[in-house]
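Single-structure report; data block below.
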Amino acid sequence: MLISETHFTIKNHVEIPHYTIYDTKHPSGKAHGGTAIIIKNSIKHHLHSNTKYNYLQATTVTIETTNGEIQISAIYSPPKPKLTTEQYENFFQNLGNKFIAAGDYNAKHRHRGSKITIPRGKTLLHVIEKLTLTPISTGEPTHRPTSSKKTPDLIDFAITKGLNRTHLKISSSSELSSDHIPTLLEYLQHPFENENSKWKRSIDLNDVYHFKVNQQRLPDKVVPTSYNLELQPFIGNDRFMGRVRINVIWTNTTNLISLNVHPHLEIRQSSVTITEGSFEEREKGLPLLDVHLAKQELPTEKKPLLVIHLEEMLKEGSACKVDITFEGKLTTNESSGLFKNEYLDSNGKIHPFVATNLRLDHAQRVFPCMDEPHYKATFKLSVLRPKNMTARSNTPLESSTDAVGKPDQVWDHFEETPLMSTYQVALVVSDFESISPTKEVNEMNGKKLEIKVWSRKEYLDALKDVPDKVVRIMNYLQDYFNSSIELPKLDLMAIPLYSATKASDSWGLMLFKESELSSPSYWNTAYELLYQWIGQLITPYRWSDTPVNKALNSFLASMATVNVSVIIYTYEDYGEKGNRKLSNLLQLNPEEMEGKWPMTILYSLYYEFGKTVPFSRVAGIRNEATSSKKELIFRMFNYTLGEDLFQKGVRNFIQQESNSNQRTFFINDIYNRLNDVANETNSLPPGLTITSIAEPWVTRDRVPLVTVIRDYETKMLSISQKVYLRESLPYTPQASTPKISYQWDIPLVMVSQEKWEFYKPCPQWLTKSNEPKNLTVQDITDKNNFIIVNPEEIGLFPVNYDPCNWKMLSQYLRSPNRETIPALTRAKLLHDSWNLAYAGELCIGIALNMTLSLKEERSHVVWEPVFMMIDHIGRRIEGSDVYPKFEAYILTLLTPLYVELNESVQPNEPSWRTHMRSLAKHFLCRAGYKPCVNEARNQYKKWLTDDDPDKGNPVANEFLCPVFKWGTEEEWEFGLQRVINFPQNSPERKQNERTYLLKSLSGCPKDKYKIKRLLNVTILDQNGNFTDSDIHLIFSTLTGGAAGYTTLFNFLNDHWDVVKQRFKDKRHLWNGIINSATSSFNTQEGLEMVSDLYTTRQGEFDTADHIIEEALKIIKHETEWSEKNLPVIDAWINENLQSEELEVLQTYTTTSVPGSSVPNIYK
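As structure tokens, then:
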């Protein structure tokens, strides 16, 4: 809970059981102003900062989520002091890249829903635009003054950065009594999306779910055929007027006409005129009789419908015109419905504009309609606009006429649209200017598509390359679909301060954030353009059919990005004739994809679906994970059917649906079209269909593990499947879960050392109906050659082999011919072997053999999963005697890679090189690589010798950890003093600097005396410069390394009574130290230590009793893994690490050297 204007002084003290209260008092010390945050102890958090100025007070807490840290700030800004742009900027920049700052800003602006705009509101809006922040408000008054002379208005709102706006829901609450109306802001964690990733989507699946739950379905006895819509969005006071004439026809007998109408849309007048009699009346030649309104039900919050009751019952075939005038409020606090916004030019001049964003159900906020996707009709739109502005809509402008009595305004009338859904209606009225491409979209069916890109004048230069990029993508997509979008023009608009997280991809008129449209990324642009076909030309019948739309478009965008990039490369280097030949080489992995597709989503799914309880931490990501899995299933079909058959199926999907009357599709239609082409060529085994194959892949939160055992004498393969479990709960037997019996239909694509080409379509499948469960087939090569099943990650499953095949693979990867295996397949072999070893399915010695090739490997595609594997296995064995040897071995792999990357640093090098260099450096520094440590210590020395070290930190964060881990006690102690003496409320220093410094001091050292010193200062000495949140942060950070949690355990054991007394009234800290000190051990020695503590202190753990019991279960499970695998790792490293390196290691592990502790092997 965030509280503004607490009026706290030092005399106030509030406690709430199970909650922590943080507050910031007014700098005067008097009872006014101030802020506070009340947070539940079970939420992992720590205090970030207290901001204490006359003009602004703020309390900021850092919450740790599965998506990383988020700063939550409660703010209060008194109305009188003047705030400058610089003061606002300093405050927001101190909060980092992901935050929510909410409270009473006293900065009114119409943009956020206030009734007036004040100077402070303008200043804040300028900062929001400059820093790319997102304001969120209810759009309604939040302050109701006690004085009747003052007008209620909106002054309480939130400002966010780095968060998906779709997952922030804001509303008013009536649960508390105050002159300020409480505001409820809900945030759903969503790790599959972030502002800068490729995984942003134009359909949010949580929105779809919300729509399905809340939307009332219309009766289908009356349907629309056309809309004639007039809008007047500039009548003043942020309101608009309109008139809609809807032609409807009867499909069944009824006297009711039901329309979706938001309750805030005011109905001024309505009438119904019959235009045609029923089929029966026409057959009998009966005259057309008038209809009469009996009554109408106006929309309410519970039932947002306008229901018109006629006195007469009309039968099938009857037609009427419904004529309604209405008035509504422009949306000013977000980019949805018919919204109004404004931007400032460099001269400070304000430029207003209005636009629409009607997906999913926002059309009913703008005009009465049948607001469901399958109710399609033609639209004839007219808009009254100022003469100094331009209006754009789905179709070209047909004519303009003067507005009677309004000399400064003009009516624009647009051409009639094809049949489309209400959410597709689009309008922008602005003073934007446009640029056109230098190339043309290829002619299709005798027509050419006109492309224009629009923005504010001062931003056009940033978009100069966009029109030609759009043309390239549109040409590729037209060719792939063999279809145009069936409109004569396409406008793409960069909208200032566009707060929706998703582009509005309406048919013929698309709205983007400025930064998104100007981005050089091909994927994002291709993804949104794909909706012009699948989502606009053809549309989902209901919103529940959209998930397959999203997944298919995502796959096609990835494929298009690769192919369009190849086309560009071909044009520049080989001439236009080479285009067709190379345009479909999917495996080229151009720069933008960085070798991450499909691995980024694929590896995430392997990790999540390999858990005993997937999504146990964040259930909200299931929709996104399922969509990502569907994307990979389409990729699987593209491979197994072959690209030509898959393309034919997609073309049929678009063309058959676009040729139907309503141009709609259901969720299974794409699978049916793919199945049709598969049947034409007998591409699937008897009894299998695309739909039956896809269903278990889509609906199950699991993936299979395929095991291939070769019989080298009989030349036969035995192939089986089971559920893949990468990790399981230590106290849950695998057999206890019903999901263990899951089966899939799995394509068995196989290649061999002799033959890399594989048949398309895939001839061999491991099916659910295989009896016996082990499929036996002929081997594809002889005993001297290896085989690879599922190359290129064609299917979403890991593969295990017999030891002999693994041995041949590892030997070949070390040979000069290793690159004949494509990079993605080499990455898969490494990834599969290590994950299978991690899961106990494969001897870890075999997995280690697979890494020997890394000494010569330079492909970033292969190295990407290796860094993850090093981290996962390293954490599992840290604390054992084997760990230093493992770390030394990894260093021998990384050093030549890093040296080579550093020798060829180029200013415009591909981003993957920069990324790989950074990862290699991170792991080398962590391992004590001397050049890295020396560089860090030299940088740190600048701070160490600074005359005023508390004024600022000249050292980059990347250098702190190597210094605190491998540097001297003096260097570490200097860092500790910087935390203790950190200046409060200094405009030059930011609180997150102190937080990062403290995390590095506690989480990086391997020397136990440093950690012990930190615990003594914070807990035993009770140094007042450390808050409870600091202590909680230290506990959490210490679990990251064996030195940390071992020292913490010993500290707890040695000072049990003192610690318990210290935390007797702070259960979250008591539970925190028990959890951090006991739950991370993974060896028999650690198990004995924790067991002894549990036995010795039986009955003294209080609220932490269940914590240590759970810790013992986990340690026992980890100990079993360690006892099985550590001797194998030790023997393998002894065999493969050079003898002189082992001798140095032996000296290092048995000798404690003061000062710098970097072993010679790392130098």
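Just so we're aligned: 543 in the UniProt record's numbering is position 543 of the sequence shown, and the numbers increase by one with no gaps anywhere. C-beta atoms are modelled at their ideal positions from N, C-alpha and C, and glycine is treated no differently.
What whole-angstrom Cβ distance do residue i and residue j have, given they're in contact under 8 Å?
i, j, result
"Ala391", "Val425", "With 8 Å as the limit, Ala391 and Val425 do not qualify as a contact, their Cβ atoms being about 13 Å apart."
"Thr378", "Cys320", "Incorrect: roughly 16 Å between the Cβ atoms, too far for contact."
"Asn800", "Leu705", "7 Å"
"Lys447", "Ser484", "7 Å"
Over what stretch of residues does the alpha helix (DSSP H) that includes residue i continue unbroken?
i, result
"Asp1028", "Asp1028 to Leu1038"
"Glu516", "Glu514 to Ser518"
"Phe157", "Per DSSP, Phe157 belongs to no alpha helix (DSSP H); it is in the beta strand (DSSP E), Asp156 to Lys161."
"Val127", "Pro119 to Lys130"
"Ile873", "His860 to Ile877"
"Val471", "Val466 to Phe481"
"Ser918", "Ser911 to Ala927"
"Gly242", "Counting along the chain, Gly242 falls outside any alpha helix (DSSP H), though it belongs to the beta strand (DSSP E) covering Arg239 to Trp250."
"Arg1062", "Trp1056 to Arg1062"
"Val882", "Taken as a continuous stretch (DSSP letters only), Val882 belongs to no alpha helix (DSSP H), as it is neither H nor E."
"Ile308", "No alpha helix (DSSP H) contains Ile308, which is instead part of the beta strand (DSSP E) from Leu305 to Leu314."
Under 8 Å, do residue i and residue j count as touching if we go by C-beta distance?
i, j, result
"Leu47", "Thr1027", "yes"
"Lys25", "Phe8", "yes"
"Phe339", "Ala355", "yes"
"Asp23", "Asp104", "no"
"Ser660", "Thr539", "no"
"Gly840", "Trp1121", "yes"
"Leu997", "Val979", "yes"
"Ile1031", "Ile1019", "yes"
"Thr35", "Thr6", "yes"
"Thr895", "Tyr929", "yes"
Between which two residues does the beta strand (DSSP E) carrying residue i extend?
i, result
"Arg268", "Glu266 to Glu276"
"Ala426", "Careful: Ala426 lies outside any beta strand (DSSP E) and carries neither H nor E."
"Pro145", "Here Pro145 belongs to no beta strand (DSSP E), and DSSP marks it neither H nor E."
"Cys843", "Element bounds for Cys843: n/a, residue is neither H nor E."
"Gln764", "Note, Gln764: premise wrong, no beta strand (DSSP E); not H, not E."
"Arg385", "Thr378 to Pro386"
"His46", "His45 to Lys52"
Taking the C-alpha atoms as reference points, what is the distance between residue i and residue j?
i, j, result
"Ile1110", "Ile1074", "Position check: residue 1110 holds Glu in this sequence, whereas Ile was assumed. So the two alpha carbons sit approximately 11 Å from each other."
"Leu1052", "Glu1135", "39 Å"
"Ile257", "Val453", "40 Å"
"Ser880", "Thr1083", "7 Å"
"Glu624", "Tyr838", "26 Å"
"Leu1033", "His45", "8 Å"
"Thr714", "Val1128", "32 Å"
"Glu608", "Glu727", "10 Å"
"Asn957", "Trp1056", "35 Å"
"residue 1246", "Gly113", "The chain is shown from 1 up to 1163; residue 1246 falls before or after that span and cannot be answered."
"Ile39", "Leu1112", "29 Å"
"Phe1063", "Leu976", "23 Å"
What does the Cβ neighbour count give for residue i, buried or exposed, with the cut at 16 atoms within 10 Å?
i, result
"Thr160", "buried"
"Tyr712", "exposed"
"Glu576", "Because the pLDDT at Glu576 is just 39, under 50, the model does not fix this residue reliably, and the value given afterwards should be weighed accordingly. With fewer than 16 Cβ atoms within 10 Å of its Cβ, Glu576 is classed as exposed."
"Val404", "exposed"
"Pro954", "exposed"
"Tyr88", "buried"
"Asp461", "exposed"
"Asp179", "exposed"
"Ser233", "Here residue 233 turns out to be Pro, not Ser, going by the sequence shown. Burial call: buried."
"Arg282", "exposed"
"His143", "buried"
"Asn817", "exposed"
"Met850", "buried"
Using a Cβ-Cβ cut-off of 8 Å, state whether residue i counts as contacting chain D.
i, result
"Gly1099", "Of the protein chains in the structure, only one exists, and it is not chain D."
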